[in-house]
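The opening residue of the sequence shown carries number 1 in the UniProt record's numbering; numbering runs sequentially from there. We treat Cβ as the ideally placed atom computed from N, Cα and C, and that holds for glycine. Report on one structure; see the data block that follows.
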Amino acid sequence: MSLTHFPVTKDLKGERKEALSKLHDAAQIGDVDRCASIFSAYKEFSINIVRRGKNTTLHTALFHNQEGPLVDYLISNGADIEIENCKGYTPLMCAITFCKLGHALEKLVDAGAKYDEPFESGPYAGMTPLELVVQVKNERMIGFLTSCLEKKDDKVVVPTTTSTTELPKGRAVCPICNLSVRFPTGMSRIEHNQLDVERNVAAHGEYGGQKKKQKLYTSRKYLDEFLSHSNGAAYKKLCGVEYHGVENMRIRKEISESYGILHAVQECCRELDLIHQTNDAINLENIFLIDLCSGKGITTALCGTLFPQDGDTKGSNNYFLAVDRMLSHTVPHYFLMEKHVSYLSRDINSAEMLQELESIVHQQTMEGRTAILVGMHLCGVLSERAIEFFERIPDIKGIVLSPCCLPRKHEQKLLSFQKTKGVDPYPEWATYLKERVEGYYSSEGISDVRMYYDTDMHTEKNAIITGVRK
C-alpha cells in the first residue's frame, strides 16, 4: 500500500482537512465505525495517510492505548506495520510502550511485524522488542515474545533488568514509566536557547531564518522570573527526567505564555481581595485553578512546582486541575507526582461537562478555595465554551482567557472575523470575546473585565482577557 502524505495544509484543504482531523480524533477513542465511514467517504485517503508528526491512523490509535477492533480493521485493510513517524516510532514500538494489555503487540506480530530483529532507528534503536518489553516491565508481553522466539530458537535468554541494555548517549530511563527518554531535557537548555536567539537577533534583526514570519522574541522577563524563583527550585525540578512529558521544542514560548497567564490570575486574585501584596512576584493562595484544554499542561506543571504543597508555605491550600481530552496515560507524570495537581480527561464540548465541572468547583469551594478558570491559547469557539462555563457556574469567580486562532469558517458567527488580505482579524476576535465576558452578548453582565496585550509573551496572539465576578 502506497503512503499518501498530507502532513501540511497546502496538501489538504477545507472539507478534506477537517475529515482527516476527525479521522485521527476517532482513532484516539477507538471508534472503528467512524474511521471506516471516513475512509469510505474519502476514497483518496490511503489507509496509511499521515497527519502531523507523520503519524498514520494506526500510530494514533496505538499512542492512545487502543488495542481492540480498530487495530484489527486497520491491519486487515493494509496498514503499514513497519512505517515510522517523524520520531522513528514504528507501530510495534507504540504497541509495546503505550498499550498495556499486549493485544496490539500480538496482532502486529501475527500480521508479520519484525519481533525478532533490533529496531533500526527511533528512540530505541539497537534494542530488540524483547529488551524493550523487559524495560517497560510488562509480564504478559514478555511471555508472549519469549514464546514466539522459542518457536524459532530454543536458546532464548530473557534479560532480567533494564541494566543489561546499554542506553544510547543522551538518553535516560524514566523511573515512573520506564521509557527511554532524551536527557538532559529541552527544559535544561532553555537559557542556552535564549542566548542563541539573542545572538541571532543582534546579527540579523528580530526576524530571522528562512521563514519570513518567524519572529525571534527576546524578552527575558518571564524566563528570568522562572529561573530565579526560589533560587531555581522549580526550574531544577522540571529539568528532572520524571518531567520528560513537558518536553517541547518551543519551551521558551510555553514558559512565557504560562507566566503571562499566571500574572493575570494574580491580578484577578487582587481584584477579589484574595491577596494584598503589591510586588509582581506570583503568589497564589487558596486558589482552585482550572486549566482548560491544557494539552501537556505546562501551566499546571508550573503551578505544581511554584506552589508546592509542603504545609509550610503560603498557598499550600491551592489545588490545580488540568482538563483535556487526551487519555490519562498519555499526559505527563507530574499529575501522578503532585498531590495538589490532577488531570481530568474530558471533551469540554460534551453535554455532561458543564454539570460535572459545576460539581467539582462546588466541592473545591466548600474546601475554602476560590475557583478561577484559565484558558490559555484556546482555539476557535473553545474560547466561547470557556466563557459559557464562567457565565453558568456561579462558583467560578474569575476567568483568564488568552484566545488563539479564529473559529473555522463553518463555525464563524460574525463576518468581521473573515480573514482578508492585509488585515489581521485577531484583535476583533479578542474584542468580541471580551464583550462576551462583559455580558454585551449575554443576559447577565459581569463586573471588572479588561483586555490587554502582553508583549512579554513570545507570541503574536498575546491578548489576555480577565474578568471577575464579585
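Backbone secondary structure at residue i - three-state DSSP
{"i": "H362", "result": "helix"}
{"i": "T370", "result": "strand"}
{"i": "Y124", "result": "coil"}
{"i": "Y343", "result": "strand"}
{"i": "P427", "result": "helix"}
{"i": "S76", "result": "helix"}
{"i": "R16", "result": "helix"}
{"i": "A113", "result": "coil"}
{"i": "S2", "result": "Any reading at S2 needs caution, since the residue's pLDDT is 35, under 50, leaving its predicted position unreliable; the model's value is listed next. Of the three classes helix, strand and coil, the one that applies to S2 here is coil, per DSSP."}
{"i": "F119", "result": "coil"}
{"i": "A351", "result": "coil"}
{"i": "T466", "result": "strand"}
{"i": "I83", "result": "coil"}
{"i": "K215", "result": "strand"}
{"i": "M376", "result": "strand"}
{"i": "L149", "result": "helix"}
{"i": "D196", "result": "helix"}
{"i": "V71", "result": "helix"}
{"i": "L289", "result": "strand"}
{"i": "Y89", "result": "coil"}
Contacting residues, own chain, Cβ-Cβ under 8 Å from residue i (five flanking each side not counted)
{"i": "P175", "result": "V241, E242"}
{"i": "Y73", "result": "V32, C35, A36"}
{"i": "H286", "result": "First, the amino acid is wrong: residue 286 is Asn here, not His. Contacts found: L274, G315, N317, N318, G368, R369, T370."}
{"i": "E388", "result": "L354"}
{"i": "L62", "result": "V71, P91, C94, A95, F98, C99, A104"}
Element boundaries [beta strand (DSSP E), containing residue i]
{"i": "A172", "result": "171-173"}
{"i": "D324", "result": "319-324"}
{"i": "F45", "result": "Counting along the chain, F45 falls outside any beta strand (DSSP E), and DSSP gives it neither H nor E."}
{"i": "P403", "result": "396-403"}
{"i": "A281", "result": "Premise fails: A281 is in no beta strand (DSSP E) and is neither H nor E."}
{"i": "V133", "result": "Where V133 is concerned, there is no enclosing beta strand (DSSP E), although the alpha helix (DSSP H) it sits in stretches over 129-135."}
{"i": "R450", "result": "449-453"}
Residues of its chain near residue i, where Cβ-Cβ distance is below 6 Å and the 5 sequence neighbours each way are ignored
{"i": "G260", "result": "D454, M457"}
{"i": "T164", "result": "The predicted position of T164 is uncertain, since its pLDDT is 46 and thus under 50; no value can be drawn from it."}
Residues near residue i in its chain [Cβ-Cβ closer than 7 Å; skip 5 each side]
{"i": "I251", "result": "G186, M187, I190"}
{"i": "Y42", "result": "R16, A19"}
{"i": "N85", "result": "G53, K54, N55, H59"}
{"i": "F144", "result": "G102, L105, E106"}
{"i": "C404", "result": "H377, L378, C379, K461"}
{"i": "I96", "result": "L105, P129, L132, V133, V136, M141"}
{"i": "K221", "result": "D456"}
{"i": "E206", "result": "K215, L216"}
Nearest-angstrom Cβ-Cβ length linking residue i and residue j, presumed shorter than 8 Å
{"i": "L223", "j": "Q266", "result": "Wrong, their Cβ atoms sit about 18 Å apart, outside the cutoff."}
{"i": "N48", "j": "D80", "result": "5 Å"}
{"i": "K296", "j": "V374", "result": "Going by Cβ atoms, the distance from K296 to V374 rounds to 15 Å, so no, they are not a contact pair."}
{"i": "Y292", "j": "A233", "result": "The sequence shown places Leu at residue 292, not Tyr. Actually they do not touch by this definition, with Cβ atoms about 27 Å apart."}
Residue span of the alpha helix (DSSP H) that contains residue i, given as start and end
{"i": "L302", "result": "298-306"}
{"i": "F183", "result": "Segment: none, F183 is in no alpha helix (DSSP H) and carries neither H nor E."}
{"i": "A104", "result": "103-110"}
{"i": "D31", "result": "Premise fails: D31 is in no alpha helix (DSSP H) and is neither H nor E."}
| request: Could you say if the region 385-392 and the region 268-287 meet the contact criterion of at least three C-beta pairs nearer than 8 Å? | output: no
| Touch check for the region 397-410 and the region 376-383: three-plus C-beta pairs under 8 Å? | Enough Cβ pairs lie closer than 8 Å, so yes.
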